[in-house]
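Residue numbering for the sequence shown follows our numbering, beginning at 249 and increasing consecutively.
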Amino acid sequence: MINLAVIFGGRTAEHDVSIITGTQFIENVDKSKYNVLPIYISRKGEWYYGKQLADAKFFLNPDFSQKGIERVFLLPEAGSRTLYKQGRFGLKAIEMIDVAALAMHGMHGEDGTLQGFLELADIPYTSAGVTGSAVGMDKIVMKAAFKGLGIPALDCIYFERTEYEKDAQAIIAKAEAAMSYPMIVKPANLGSSIGITKAKDAASLKEGIEVAIHYDRRILVEPAIDDLTEINCAVVGLGSDAKTSLCERPITAKEVLDFSEKYLHSEGGSKGMKSLDRELPAKISKEKQEEIEQLALQIFKGLDMAGVVRIDFMIDNATDTLYANEVNTIPGSFAFYLYEPMGIKYSQLIDTLVENALKRSKQKAASQFSFDSEILKKAGAGTKRVK
Numbered sequence: 249m250i251n252l253a254v255i256f257g258g259r260t261a262e263h264d265v266s267i268i269t270g271t272q273f274i275e276n277v278d279k280s281k282y283n284v285l286p287i288y289i290s291r292k293g294e295w296y297y298g299k300q301l302a303d304a305k306f307f308l309n310p311d312f313s314q315k316g317i318e319r320v321f322l323l324p325e326a327g328s329r330t331l332y333k334q335g336r337f338g339l340k341a342i343e344m345i346d347v348a349a350l351a352m353h354g355m356h357g358e359d360g361t362l363q364g365f366l367e368l369a370d371i372p373y374t375s376a377g378v379t380g381s382a383v384g385m386d387k388i389v390m391k392a393a394f395k396g397l398g399i400p401a402l403d404c405i406y407f408e409r410t411e412y413e414k415d416a417q418a419i420i421a422k423a424e425a426a427m428s429y430p431m432i433v434k435p436a437n438l439g440s441s442i443g444i445t446k447a448k449d450a451a452s453l454k455e456g457i458e459v460a461i462h463y464d465r466r467i468l469v470e471p472a473i474d475d476l477t478e479i480n481c482a483v484v485g486l487g488s489d490a491k492t493s494l495c496e497r498p499i500t501a502k503e504v505l506d507f508s509e510k511y512l513h514s515e516g517g518s519k520g521m522k523s524l525d526r527e528l529p530a531k532i533s534k535e536k537q538e539e540i541e542q543l544a545l546q547i548f549k550g551l552d553m554a555g556v557v558r559i560d561f562m563i564d565n566a567t568d569t570l571y572a573n574e575v576n577t578i579p580g581s582f583a584f585y586l587y588e589p590m591g592i593k594y595s596q597l598i599d600t601l602v603e604n605a606l607k608r609s610k611q612k613a614a615s616q617f618s619f620d621s622e623i624l625k626k627a628g629a630g631t632k633r634v635k
């Protein structure tokens, strides 16, 4: 049986969404194949382990002093796949981790930081690697990567919080010189549509920027498409060995799809991203669907993605032009709802994620990380001889 750590929560504005994704994932794990280790990271960055954490209802009134819940730690040492708790005389091993399923959203979990930590400990994990995760988190860098891959994406301007605080009017003027209203304002490193606003004039642009800088130090502004169709497509796999999902069209009554429509639309409690109203499959032409699928696979491979990602596209209906909007390297609910109508159960998707995590770990182990040289011998004779 595989010890499968499911890590969720975190120091992020998307903390609660991550809890839903993590506990929903645990509900659908095939318990005959996996021993699930629920690991919750608090808003303060504290790590906890306990079977009670598998239930989303626990977090309505959490009590971490309950018996069976432990404060836990991982060590960033090569080959250290051990989960520890604090014992009387030091750290005490409590579980071995075979694979980590990352149900993290946003900063300190989806951005490459946790991935790097797990790489140091040689723990296989289910998301994209450090580079792909970092690129997928930062919308400014992501746009540059799209352009480098030849992927169509909207132009934008970007700036730092300190630049805006120093001269807000100069930033407003920069945006107005680059594009016409309406505009979309986004924090560079945030997901779940948090902090995104639409600006129709200078006053609403200023207001939108001040919302965005509350969440991030880097902000981007891009032109808004007046007559827009949003299409999302997931990809699951590893590198060039990947499979696209059905395409969906999110249905929104608002100008910008927001957090509440994504996660709070259902009755009887949130079902994660499955709560969103959607047209599935999206009613688009076969040619447009094939174009989207091809671009999705190109992005997945070009950004060295792994696991399951959701890539969001936009169609300018006035020109029928397709643009890549962003990559979600750990999509809400792992985008299982895009594969279910294809006959792929959530439990089967989980199996694929675990298999690919183990496969990628073996591929990494096959690479050589050491190189023998004479440099230290030369340095011992004096650093002037080392050139």
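Note that CB positions come from ideal geometry on N, CA and C, so glycine has one too.
Query: Span of the beta strand (DSSP E), counted from its first residue to its last, around Asn276; Result: That residue, Asn276, is in no beta strand (DSSP E); its alpha helix (DSSP H) goes His263 to Asn276.
Query: Exposure of Met590, with buried meaning 16 or more beta-carbon neighbours within 10 Å; Result: exposed
Query: Min CB distance Ala450 to chain E below 8 Å; Result: No chain E appears in the structure shown, which is made up of a single protein chain.
Query: CA nearest to the CA of Glu458, picked from Thr477, Arg409, Asp525 and Ala482; Result: Arg409
Query: Whether Leu543 touches Ile399 by CB criterion (8 Å); Result: yes
Query: Whole-angstrom C-beta distance between Met390 and Glu574, which should lie under 8 Å; Result: 6 Å
Query: Touch test, the segment 369-385 against the segment 319-327, Cβ-Cβ under 8 Å, three pairs minimum; Result: yes
Query: Proximity to Gln546 [Cα-Cα], best of Phe582, Gly487 and Ala351; Result: Gly487
Query: Cβ-based neighbour list, Asp552, same chain, cut-off 8 Å, excluding 5 preceding and 5 following; Result: Ala376, Gly377, Thr379, Gly380 and Gly487
Query: Contacting residues, own chain, Cβ-Cβ under 7 Å from Gly202 (five flanking each side not counted); Result: This structure cannot speak to residue 202, because the chain is shown only from 249 to 635.
Query: Reduced DSSP category for Phe365 - H, G, I as helix; E, B as strand; rest coil; Result: helix
Query: Buried/exposed call for Tyr511, threshold 16 Cβ in 10 Å; Result: Only weak support is given to the placement of Tyr511: the predicted model assigns it a pLDDT of 46, under 50, and the value that follows is read from those uncertain coordinates. Classification of Tyr511: buried, given that the 10 Å Cβ count is 16 or more.
Query: Beta-carbon proximity list for Leu285, same chain, < 8 Å, skipping 5 on both sides; Result: Asn251, Leu252, Ala253, Val254, Tyr297, Leu331, Glu343 and Ile345
Query: Rounded C-alpha distance that separates Glu294 from Lys536; Result: 46 Å
Query: Span of the alpha helix (DSSP H), counted from its first residue to its last, around Thr379; Result: Val378 to Met385
Query: Integer-rounded CB distance, given that Leu476 should sit under 8 Å from Leu528; Result: In fact, because the Cβ distance is near 18 Å, the residues do not count as touching under 8 Å.
Query: Option nearest Gly555 by Cα separation, candidates Val347, Ile267, Gly396 and Glu470; Result: Val347
Query: Helix, strand or coil at Thr569 according to DSSP, with G and I counted as helix; Result: strand
Query: N-terminal and C-terminal residue of the beta strand (DSSP E) that Asn283 is part of; Result: Tyr282 to Ile289
Query: Residue(s) in a DSSP beta bridge with Lys491; Result: Val484
Query: Coarse secondary structure for Lys446, derived from DSSP in three states; Result: strand
Query: Per DSSP, the bridge partner or partners of Ala451; Result: According to DSSP, Ala451 bridges with nothing at all.
Query: Alpha-carbon spacing of Asn604 relative to Glu358, whole angstroms; Result: 18 Å
Query: As assigned by DSSP and simplified to three states, the class of Tyr594; Result: helix
Query: For Asp599 and Leu189, the rounded distance between their alpha carbons; Result: As displayed, the chain neither begins before 249 nor continues past 635, which places residue 189 out of reach and without an answer.
Query: Coarse secondary structure for Pro498, derived from DSSP in three states; Result: strand
Query: Unbroken beta strand (DSSP E) run spanning Tyr412, endpoints; Result: No beta strand (DSSP E) holds Tyr412; the alpha helix (DSSP H) holding it covers Arg409 to Lys414.
Query: Length of the line joining the Cα atoms of Ala530 and Glu541; Result: 13 Å
Query: Exposure of Asp464, with buried meaning 16 or more beta-carbon neighbours within 10 Å; Result: buried
Query: Where His513 sits in the DSSP three-state scheme; Result: Model confidence at His513 stands at a pLDDT of 49, short of 50, so the residue's coordinates are unreliable; what they give is reported in the following sentence. Of the three classes helix, strand and coil, the one that applies to His513 here is coil, per DSSP.
Query: Cβ-based neighbour list, Gly456, same chain, cut-off 6 Å, excluding 5 preceding and 5 following; Result: Val433, Thr445 and Ala447
Query: Closest by C-alpha distance to Asp525, when choosing among Thr492, Ala472 and Thr500; Result: Thr500
Query: Beta carbon of Ala349 nearer than 8 Å to that of Leu601; Result: yes
Query: Contact set for Lys333: own chain, Cβ-Cβ below 8 Å, skip 5 residues either direction; Result: Tyr297, Glu318, Arg319, Val320, Phe321, Leu339, Lys340 and Ile342
Query: Proximity to Ile479 [Cα-Cα], best of Thr492, Glu496 and Asn309; Result: Glu496
Query: Per-residue burial, Thr567 [other beta carbons within 10 Å of its own, 16 or more giving buried]; Result: exposed
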